[in-house]
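K.L.:
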Amino acid sequence: MHFNTIEFGVEAGVATLVFNRPDKLNSFTTEMHREVRQAIKTTRDDSSIRCLLLSGNGRGFCAGQDLSDRAVAPDAIMPDLGESLDKNYNPLIRALTGMEKPVICAVNGVAAGAGANIALACDIVFAARSASFIQAFCRIGLIPDSGGTWTLPRLVGRAQAMALAMLGDKIPAEQAQALGMIWRCVDDEALMPEASRLARHLATQPTQGLAYIKRAINASFSNTLEQQLELERDLQRLAGRTRDYREGVQAFIHKRKPEFQGN
Ligand code: LHQ
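Residues -3 to 259 (the working numbering) make up the sequence shown, in order.
Below you can see the structure in the form of structure tokens.
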């Protein structure tokens, strides 16, 4: 597969998708959206891929929408930004959160606007110590999109989310970890080794079971406890019918390392 704006490769059950417009801090153009969509579809449909790792080339992770793109330029006829969300950003967030495999993000540098919220939509987020997160939308009269108004208050609570969104401050990776926005801030040189190690580990784990965990935790935010208990019952029933459950129990009983197939 040849791409102009991303790098995409698969190794040891891990698909690695790297945004690759470093001169523009990997901001999104229409072409980049198309290529990311294609890579994510491959990741979703190929059962030998059991984990997705996202990162960026250069000193940025992603600066959100490319503001020089004609489709969003305010000097053209009034743009319809809702259309851009419908076509590009919303399907991307749905694809990441709905992906039935773990999605790891390695934030290598500044993550601004939609770039920040794409990172925060991933399941486990690492960030390099020199990286930062900026809800840059308010600086140009917009609202946090790509799920930001949903994800942020759930990660950090209403008080922090409101200030992050209204002030658009640059939040260093270490502070992002302290706020609970991300899983781990690591030294710059450790970012890709650590994120790749975790991705490779997850690619050997019970993929279907992990998908059920993701579904349950994501659903919990809009469920009552009663609904969640019922969902846990339903998903546990499905998990108990996977081959990996059988393998996990057998391996435990025989005191050996399990070999999970992902189904
Ligand atoms: C960029 C960008 C960029 C183009 C850096 N575009 N070139 C959804 C629906 C539809 C429409 C609207 O938006 C959305 C969602 C969104 O994402 S809205 C938010 C869009 N993003 C932003 O507002 C962030 C804009 N960027 C910045 O504020 C800064 O670049 C940050 C704070 C990220 C980094 O600052 P610096 O480290 O000082 O870097 P820089 O500003 O010098 O940027 C380096 C280059 O990248 C520069 O190009 P140049 O040719 O001058 O070297 C920038 O123009 C370019 N660049 N972000 N979003």
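By construction, the Cβ of each residue, glycine as well, lies at the ideal position given by its N, Cα and C atoms.
1) Does SER64 come out as helix, strand or coil in the three-state DSSP assignment?
2) Would you say the beta carbon of GLY109 is closer than 6 Å to some non-hydrogen atom of the ligand LHQ?
3) Report buried or exposed for PHE248, applying the criterion of at least 16 other Cβ atoms within 10 angstroms of its Cβ.
4) For the ligand LHQ, is there a heavy atom less than 6 Å away from the beta-carbon of ALA117?
5) When the Cα atoms are used, what is the spatial distance from SER44 to ASN113?
6) Do you know how far the Cα of THR38 is from the Cα of GLY153?
7) Going along the chain, which residues of its own chain have a beta-carbon closer than 7 Å to the beta-carbon of HIS(-2), five neighbours each way excluded?
8) Hey, ALA123 and ILE178 are a contact pair by Cβ (cut 8 Å); roughly how many whole angstroms apart?
9) Should LEU21 be listed as close to the ligand LHQ, given that the test is whether its C-beta is under 6 Å from any heavy atom?
10) For LYS166, does the three-state DSSP call read helix, strand or coil?
11) Does the distance between the C-beta of LEU60 and the nearest non-hydrogen atom of the ligand LHQ fall short of 6 Å?
12) The ligand LHQ and ALA308: does the residue's C-beta get closer than 6 Å to at least one heavy atom of that ligand?
13) Got a sec: does the ligand LHQ put a non-hydrogen atom nearer than 6 Å to the Cβ of ASP141?
14) Got a sec: does the ligand LHQ put a non-hydrogen atom nearer than 6 Å to the Cβ of VAL106?
15) How is the alpha helix (DSSP H) around ILE36 delimited, first residue to last?
16) List the endpoints of the continuous alpha helix (DSSP H) containing THR145.
17) State yes or no: is the C-beta of SER64 nearer than 6 Å to some heavy atom of the ligand LHQ?
P.N.:
Let me lay it out:
1) Per DSSP, reduced to three states, the secondary structure at SER64 is coil, with no helix or strand assignment.
2) Yes - the ligand LHQ has a heavy atom lying nearer than 6 Å to the Cβ of GLY109.
3) With fewer than 16 other Cβ atoms within 10 Å, it is exposed.
4) No, the Cβ of ALA117 stays beyond 6 Å of every heavy atom of the ligand LHQ.
5) If you take the alpha carbons of SER44 and ASN113, they lie about 28 Å apart.
6) Using only the alpha carbons, I get a separation of about 35 Å.
7) Here HIS(-2) has no same chain residue with a Cβ atom under 7 Å from its own Cβ, once five neighbours each way along the sequence are excluded.
8) Under the criterion of beta carbons closer than 8 Å, ALA123 and ILE178 qualify as touching, at roughly 5 Å.
9) Because some heavy atom of the ligand LHQ lies under 6 Å away, the Cβ of LEU21 counts as near it: yes.
10) Strand at LYS166.
11) Note that residue 60 is Gly in the sequence shown here, rather than Leu. GLY60: yes, Cβ under 6 Å from the ligand LHQ.
12) Since the first residue of the chain shown is -3 and the last is 259, residue 308 is not available in this structure.
13) Short note on ASP141: C-beta closer than 6 Å to some heavy atom of the ligand LHQ.
14) Distance from the C-beta of VAL106 to the nearest heavy atom of the ligand LHQ is below 6 Å.
15) Element bounds for ILE36: 26 to 41.
16) Note, THR145: alpha helix (DSSP H), 144 to 152.
17) SER64 has its Cβ nearer than 6 Å to a heavy atom of the ligand LHQ.
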